[in-house]
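Notes to accompany the following structure.
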DNA sequence: CGATATCATGCAATATCGTGCAACATCAAG
DNA sequence: CTTGATGTTGCACGATATTGCATGATATCG
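Protein chains in written order, with my numbering: chain H, 1 to 258; chain F, 1001 to 1258.
If you want it as structure tokens, here you go:
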């Protein structure tokens, strides 16, 4: 089979994205080509600024070591100031003794951190990160939802998670990272994740969306729920009122985080 | 699989950031390379001003000011190199494709870290810390057991945890912190924890005890299982043979961690 | 002070690299 | 159809990088 040069280069890029590394020798064997050809490709791709050439193969452009870590660190860096503010505003919504569900995601971790040490309540979560974070809290009881670990957002998923969620009723569901749009409602980029969030929302009296600024007025492929199902949105105070008007018009409470 | 040199250096940096230290000998064993190579890397990284070279390994440049990590780092400093050594020896017991249960505790976290990046297997755990740790591993599938979070050892407990455990069969159970005594068998200080560990052991073909040196030849109130149920014990190589004789006499495999 | 571990350096074996070049395919113009 | 230009691929070869080992120096610990 003859592979076009351009195709091969695209394959290299894809492979680099998937594996986080390219080893010239391995790929040459896999594709049945000489190492020279692969090296040539890598050199040219490096010249185009599409990857970073290193001895033995190639690496992605960015410096960070592990790809999973890189994503996470990146996301954590995004709007670093806004998230703690949102987290504090959300934490203030919890009344003593309530049972709340905290979603996965970096904003949610901030929320866990923002819970006052004097607050006695029960937190249900399918995020091991949240559980670890709250393990040091003196008063909060933590219920961990188990299941298959979805590595992208580091939360438990799958049938057993759904089953466990169905057995619990919570007062508030603090929903993490997802897209928010006046017409599309709440949506996310993973099909299964959408299903899980929908199940949690269904098991909760009230759903509160933690809306990092960059997720406002965007839509993703898989809808979690229409806007009517949302009880409140927590956003940063800097957001223009025009973006928020559609939600207020629907009677959704919009909490501004200072 | 050959790791690219550049990647290895990034790994060193990441490891240094995470553990706050690098021991050249340990890493050379973990990565299957000569100590010379690691030392060379450390020397070069030190020349680039990315770390501080010290006898035996390397340290970060400045004092890390992370308050959250302080607690954890403290615990890890105890018995500095014994636990990683035990963890590496235990990791070597896992065959590709196996399903293993990893317990909670600091030694178990070390085990999760010691799993080679090329190992493809399934890890079941009731410890959110382990789950978070393994979220970065590219190949390992993680099954998280849910339940009420027991804050002392940061693991899920309670009926739903027991129920989930009963539904899974694992090849090896790596049991963490507990007392080990020739007559009393394995025991621990918490009644419910003993029950959980017993259930996990019952669901596993083989039980391997990660025996931190200070837990050898001690007993706690609640027995988990008699010695006969143990398949192997992993201990540090420095432990006197007299302490290990009783277990060997029972036909229990004793793995010495170098 | 002696035993042991760790280190830096030099060196040899191997792997990888970049360049030049020839063989071949593809394509466009004649 | 022919011809020359262009692009692609594999190979040769000298240059460079990487790794492990040997060796003597230095540090650590009891």
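Where is the CB? At the ideal position from N, CA and C, for every residue including glycine.
Note that the structure is predicted; figures quoted are calculated from it, not measured.
Residue i to residue j span [Cα, whole Å]
i                       : j                       : result
residue 191 of chain H  : residue 163 of chain H  : 17 Å
residue 77 of chain H   : residue 111 of chain H  : Legend: pLDDT at residue 77 of chain H = 42, less than 50; position of this residue unreliable, value from coordinates given subsequently. So the two alpha carbons sit approximately 16 Å from each other.
residue 1052 of chain F : residue 1089 of chain F : 28 Å
residue 1009 of chain F : residue 251 of chain H  : 54 Å
residue 1134 of chain F : residue 242 of chain H  : 43 Å
residue 115 of chain H  : residue 109 of chain H  : 10 Å
residue 1043 of chain F : residue 136 of chain H  : 39 Å
residue 1206 of chain F : residue 1040 of chain F : 40 Å
residue 230 of chain H  : residue 20 of chain H   : 38 Å
residue 1184 of chain F : residue 1203 of chain F : 22 Å
residue 85 of chain H   : residue 254 of chain H  : 14 Å
residue 227 of chain H  : residue 245 of chain H  : 13 Å
residue 1030 of chain F : residue 237 of chain H  : 49 Å
residue 24 of chain H   : residue 1011 of chain F : 20 Å
residue 1036 of chain F : residue 1028 of chain F : 8 Å
residue 193 of chain H  : residue 1130 of chain F : 22 Å
residue 82 of chain H   : residue 1096 of chain F : 44 Å
CB of residue i within 8 Å of CB of residue j, strictly
i                       : j                       : result
residue 1140 of chain F : residue 1119 of chain F : yes
residue 1033 of chain F : residue 56 of chain H   : no
residue 187 of chain H  : residue 222 of chain H  : yes
residue 258 of chain H  : residue 235 of chain H  : no
residue 1105 of chain F : residue 1026 of chain F : no
residue 201 of chain H  : residue 225 of chain H  : yes
residue 1013 of chain F : residue 1059 of chain F : no
residue 175 of chain H  : residue 132 of chain H  : no
residue 143 of chain H  : residue 1148 of chain F : yes
residue 121 of chain H  : residue 165 of chain H  : no
residue 54 of chain H   : residue 1006 of chain F : yes
residue 125 of chain H  : residue 210 of chain H  : no
residue 1113 of chain F : residue 1092 of chain F : no
Residue i at chain H interface by Cβ criterion, 8 Å
i                       : result
residue 1245 of chain F : no
residue 1142 of chain F : yes
residue 1147 of chain F : yes
residue 1198 of chain F : no
residue 1113 of chain F : no
residue 1098 of chain F : no
residue 1006 of chain F : yes
Minimum Cβ-Cβ distance from residue i to chain F less than 8 Å
i                      : result
residue 23 of chain H  : yes
residue 164 of chain H : yes
Inset, instruction - Compile a chain-ordered list of the residues in the region 115-138 of chain H whose CB is closer than 7 Å to at least one CB of chain F. - result: 128, 129, 131, 132 and 135
Legend entry - Cβ contact (3+ pairs, closer than 8 Å) linking the region 92-102 of chain H and the region 165-178 of chain H: yes
Legend entry - At least three beta-carbon pairs within less than 8 Å, the region 174-182 of chain H to the region 213-225 of chain H: Enough Cβ pairs lie closer than 8 Å, so yes.
Inset, instruction - Can you give me, in chain order, the residues of the region 1151-1162 of chain F that have a beta carbon less than 7 Å from any beta carbon in chain H? - result: 1151, 1154, 1156 and 1160
Inset, instruction - For the region 1033-1060 of chain F, enumerate the residues whose C-beta is nearer than 9 Å to any C-beta of chain H, in chain order. - result: none
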